[in-house]
Amino acid sequence: MGMTIAEKIIAAAAGVSEVKPGDIHTVELDRLMSNDGTTHLTIDMYNQLKNPQIADVNKLVWIVDHNVPCDSVKTAASHKKMRDFAKEHGITFYEGAGVCHQVMMENHVTSGELIFGADSHTCAYGAVGAFGTGVGCTDYLYAMVTGKSWLLVPETLKFNLTGKLNDGVYARDLILSIIGMIGANGANYMAMEFGGEGLKTLNMSDRIAICNLCVEAGAKTALMEVDEITLDYLKAHGREPKHCFQSDDDAVFAHVYDIDLSTIKPIVAKPHFVDSVVDAKECVGTHIDEAFLGSCNNGRIEDLRVGAKLIKGKKVHPLVRFLVVPASAEVYRQALSEGILDTFMEAGAIVMNPNCSVCWGSCQGVIGENEVLISTGTRNFKGRAGHKDSFVYLASAATVTASAIKGEIATADLV
Amino acid sequence: MGRIFKFNQDVDTDQIIASQYIIYPTIDEMKVHTFESLDADFASQVQPGDYVVASDNFGCGSSREQAPSVLKALGVKAVVAKSFARIFYRNAINIGLPVIVCKDLHDNVNAGDDMELSMKEGIVRVNGKEYECTKLPEYMQGILDQGGLIASLNK
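For the record, the sequence lines run as chains A and B. For the first sequence, this note's numbering assigns the number 321 to the initial residue and increments by one for each residue that follows. For the second sequence, this note's numbering assigns the number -17 to the initial residue and increments by one for each residue that follows.
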């Protein structure tokens, strides 16, 4: 029987010729990413093991990105624990280089790999056809010590893309539309696979944005077919693919969705659920206090270019804080060289160093009681960006920038 | 026998333990903030042996293992929900917190009801009524039985 991309990657990692959904396999992992949200707890558990050891230190990548630079004495202690442990054991370590998933895409991930990340948005790696999945610190520790883990083979939902996104519509509008369509648990325990002619119209930044957000539909992983765009991206970053898997013609999918990209419109996800999506036009005029352009989902150079083009020669509304946070140091320097950061600062935006920022709600930029944020971040859960009684709307870089200019939710055509 | 603390659908891990607390040095320092945005009294009222009962997609969102860990640290005996989000479910099993899928329980019980759970039989008893639960796959029950994934490393 034919296999899907997810099934092929698991079969290869388990060293077997065939797997099927529902099977549980022991798999060899290619890479293990962890960040400062949980690594301090992983280290504590490691130190309590009877026989602490690291199976293959070359698989480990540790990234400080959630609270950078450190914002409190408690955080400083957690960071120090992580930094010292990484140094002692020779673990690849980044601090200040950017949001973990963007750093991983720029420096490590390749097609066909099986990767555990101690962060739910690890599914972003499917943009290059890698099986990335989010785990907690116990899972991470077990994999760190043994090099292996157990995986239940997921069913796969197939998204067959046709056509092309219209001008002013972005990959973020597409994935928010899909999450709205299938619901916040519509892909629970499943893999989401993307292919079709429409995929060829989406660049690597678009693909990362789409795969990254699939966990908001509950997905275990997201996977895209490897094509010329993938191989060009890997080549530009000095990497070779491990496997270039495609689903077989007779692979079995739990469901196949056909999506014509030209039908997608600008979307806003309303508080407090990512699947609470509406046509952006329905939110026009909604009061905002802060706007955020950044995150592993939408803080790449392509997103900053969209925002800069819109705001050039205009001003941020005087009652709005507009935070612009490039997803990585590489993105930051590219934006600097293109004059994009200058454009944002000229308009009155606050440009910050690469980090998770207000997307995760525990560092600079958090919002207060009853305040409203419009964001290119990953989530709009209750209290996600600060006070428990505050509100987050999710939208594209274009809608967020237009809103920052108008002082209320606005689409790009209104500025 | 334990009391029921009841929650609705799509309870995300930010509601279970908010971002500003997960970087605290220990689970014990975090646990007093459990469910702070949904039920500010939860952490002070829950007793060892009590249960969390929820609707669909419990534990969606972030992969923070602190979410099942604070519940376990407060003595929650099990979470019984119509369905669980994947990462929370896996994390809970890995740390030895029982997570039970029961489709009919949530709609038929109230907060504060006394409840009894027999993992072996796959049965929950509340107010004289029995509710059937979905049994865990053997592999996962094995992890739970040995006290979590780390216990197997220390054998």
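Yeah, the Cβ is synthetic: ideal placement off N, Cα and C, and Gly gets one too.
Put simply, the stretch 646 to 654 of chain A does not touch the stretch 718 to 726 of chain A. Fewer than three CB pairs are less than 8 Å apart. Counting only the Cα atoms, Ser37 of chain B lies some 28 Å from Ala444 of chain A.
What Ala67 of chain B touches in chain A, judged by beta-carbon distance under 8 Å, is Asn505, Asn508, Gly538, going in chain order. Taken through DSSP and simplified to helix, strand or coil, Leu131 of chain B comes out as helix. Nearest Cα to Leu656 of chain A within the set A:Val419, A:Trp680, A:Ile621: A:Ile621.
The three-state reading of DSSP puts Leu551 of chain A in helix, counting H, G and I together.
Listed as beta-bridge partners of Ala511 of chain A by DSSP are A:Thr476, A:Thr541.
By alpha-carbon distance to Ile383 of chain A, the top candidate from A:Val393, A:Leu352, A:Gly446 is A:Leu352. Nearest CB-CB separation between Met365 of chain A and chain B: below the 8 Å threshold.
Looking only at B:Asp21, B:Val35, B:Asp(-6), the smallest Cα-Cα distance to Asp95 of chain B is reached by B:Val35. Taking all protein chains shown into account, Asp127 of chain B has fewer than 16 neighbouring C-beta atoms within 10 Å of its C-beta and is therefore exposed. For the C-beta of His360 of chain A, the chain B residues within less than 8 Å are, from N- to C-terminus, Ile5, Pro7.
Around the beta carbon of Tyr121 of chain B, a 10 Å sphere encloses fewer than 16 other beta carbons of the protein chains shown; the residue is thus reported as exposed.
Below 8 Å, too few C-beta pairs join the stretch 360 to 368 of chain A and the stretch 599 to 606 of chain A to call them touching: fewer than three. Residues of the stretch 24 to 55 of chain B whose Cβ lies closer than 9 Å to any Cβ of chain A, in chain order: Asp38, Asn39, Cys42, Gly43, Ser44, Ser45, Arg46, Glu47, Gln48, Ala49, Pro50, Ser51.
Asp609 of chain A carries a coil assignment under DSSP once its states are collapsed to helix, strand and coil.
Just measuring C-alpha positions, the residue of A:Ala574, A:Met424, A:Gly614 sitting nearest Ala717 of chain A is A:Gly614. At least one CB of chain B lies nearer than 8 Å to the CB of Cys457 of chain A. One thing to note: Gly703 of chain A has its Cβ within 8 Å of the Cβ of Ser19 of chain B. Taking a Cβ-Cβ cut-off of 9 Å, the neighbours of Arg704 of chain A in chain B comprise Asp(-6), Asp(-4), Ala0, Ser1, Gly43, given in sequence order. C-alpha of Gln654 of chain A to C-alpha of Ile660 of chain A: approximately 9 Å in a straight line.
For Glu327 of chain A, the enclosing alpha helix (DSSP H) stretches over residues 325 to 334. A residue is called buried when at least 16 other Cβ atoms come within 10 angstroms of its Cβ; Leu639 of chain A does not meet this threshold and is exposed.
With the rule of 3 Cβ pairs closer than 8 Å, the stretch 550 to 557 of chain A counts as touching the stretch 420 to 436 of chain A. Annotated three-state conformation of Ser677 of chain A is helix, per DSSP.
Beyond the five residues adjoining it in sequence on each side, Tyr71 of chain B comes within less than 8 Å, by CB distance, of Gly41, Val81 in the same chain, given in chain order. Taking 8 Å as the CB threshold, Asn(-10) of chain B stays off the interface with chain A. Around Arg72 of chain B, the beta-carbon contacts reaching into chain A at under 8 Å are Val455, Gly456, Asp459. When DSSP states are grouped into helix, strand and coil, Glu658 of chain A belongs to the coil group. Neighbours of Tyr462 of chain A in chain B, taken as residues whose beta carbon is under 9 Å from its own, are Asn76, Leu131, Ile132, Ser134, Leu135 in chain order. With distances taken between CA atoms, Glu658 of chain A lies nearest to A:Ala628 out of A:Ala628, A:Asn675, A:Gly668. With respect to the 8 Å criterion, Ile132 of chain B and Leu624 of chain A are not classified as neighbours on the basis of their beta carbons.
Exclusion of the five residues before and after Gly706 of chain A leaves Gly681, Val686, Ile687 as the residues of its chain whose Cβ lies within less than 6 Å of its Cβ. Pairwise C-beta distances place the stretch 472 to 482 of chain A in contact with the stretch 557 to 577 of chain A, as three or more of them are shorter than 8 Å. A Cβ of chain B is located within less than 8 Å of the beta carbon of Ile344 of chain A. Residues of the stretch 656 to 685 of chain A whose Cβ lies closer than 7 Å to any Cβ of chain B, in chain order: Trp680, Gly681, Ser682.
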